[in-house]
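**Q** Numbering (my numbering), first residue to last: 70 to 316. Built from N, CA and C at the ideal position, the CB exists for glycine as well. Keep in mind it's a predicted model, so treat the numbers as computed, not measured.
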């Protein structure tokens, strides 16, 4: 299945269930830039990062290949949304202070994406990519989640996801990397909130399409026994991956 279809499906759930990125990330990125006029949020999804970027930059251009994601994106007067592939845009040459990609770099055709980034960034402009991998709660719940969900859906992940899981170590970044601080990403979820998040995984939906949702209901039931009060919110930490550099 093409990744555009993956992210068209359940776009409304993405908007409500996906966690927010670390708030300290955005002023840090603005501080790296020599000016804060224009930023391109590439593969913006529901606009989660775009809204935060709009607090730091005069104008945010947010693009995504999925029309449904764009139609569900969070509205803001400082954001201009449009449907566009990452590898070919209508931006003017040397017009952007920052290009950023949240949770999506592994989907791009990089042999075309990097030249496009170099074309649209101002001299010494900043590129940044970030994402997260697996959620962690506590040893007991983590072990159950792996056995009941992750092991079941593993065959249904697209191969490109592995790039993110391995912290993009197999991607060559054609810029001078910045020594960035470590950002921590965590969120409080009750059991329903956690499972709504897991439902947004592309592999979860692919697995449900192939074998049904019985495994998901069973996993919820079993983890409910370990959670305690299912309405209790627990801290969930997400392994965070971050790169930034100057072109």
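Cα-Cα, which of 134, 249, 265 is closest to residue 177?
**A** 134
**Q** The beta strand (DSSP E) spanning residue 257 covers which residue range?
**A** 254-258
**Q** Can you say whether residue 165 is buried or exposed, counting buried as having 16 or more other CB atoms within 10 angstroms of its CB?
**A** buried
**Q** In this structure, does DSSP put residue 246 in helix, strand or coil?
**A** strand
**Q** Could you check what DSSP says for residue 307 in three-state terms: helix, strand or coil?
**A** strand
**Q** Closer than 6 Å by C-beta to residue 139: which residues in its own chain qualify, once you throw out the five before and the five after it? Chain order, please.
**A** 133, 150, 152
**Q** Rounded to the nearest angstrom, what separates residue 202 and residue 118 at their Cα positions?
**A** 17 Å
**Q** Please report the residue range of the beta strand (DSSP E) in which residue 138 lies.
**A** Segment 136-140 is the alpha helix (DSSP H) holding residue 138; no beta strand (DSSP E) there.
**Q** State the Cα-Cα distance for the pair residue 284 and residue 274, rounded to the nearest angstrom.
**A** Going from the Cα of residue 284 to the Cα of residue 274 covers about 12 Å.
**Q** So the candidates are 294, 179, 185; which of them puts its Cα closest to the Cα of residue 162?
**A** Minimum Cα distance to residue 162 is reached at 185.
**Q** Under 8 Å: do the region 247-261 and the region 289-307 share three or more Cβ pairs, one atom per stretch?
**A** yes
**Q** How is residue 234 classed by DSSP in three states: helix, strand or coil?
**A** helix
**Q** Is the region 88-97 in contact with the region 118-129, if contact means three or more CB pairs nearer than 8 Å?
**A** yes
**Q** Less than 7 Å separating the beta-carbons of residue 156 and residue 196?
**A** no
**Q** Indicate whether residue 315 and residue 193 have their beta-carbon atoms separated by less than 7 Å.
**A** In this structure, residue 193 lies closer than 7 Å to residue 315 by Cβ.
**Q** Measure the alpha-carbon distance for residue 246 versus residue 300 and round it to whole angstroms.
**A** 43 Å
**Q** Which residue or residues does DSSP assign as beta-bridge partners of residue 128?
**A** 107
**Q** Quick one: Cα of residue 188 to Cα of residue 255, how far?
**A** 35 Å
**Q** What is the DSSP secondary structure of residue 240, counted as helix, strand or coil?
**A** coil
**Q** Per DSSP, what are the beta-bridge partners of residue 199 in this structure?
**A** 171, 311
**Q** Mapping the DSSP letters down to three states, classify residue 133 as helix, strand or coil.
**A** strand
**Q** If you check the beta carbons only, do residue 200 and residue 129 fall under 7 Å apart?
**A** no
**Q** Less than 8 Å between C-beta atoms, sequence neighbours within five positions excluded: which residues of the same chain meet that for residue 205?
**A** 211, 305, 306, 307, 308
**Q** Let me confirm a value: residue 175 is counted as buried when at least 16 other C-beta atoms fall within 10 Å, else exposed. Which label applies?
**A** buried
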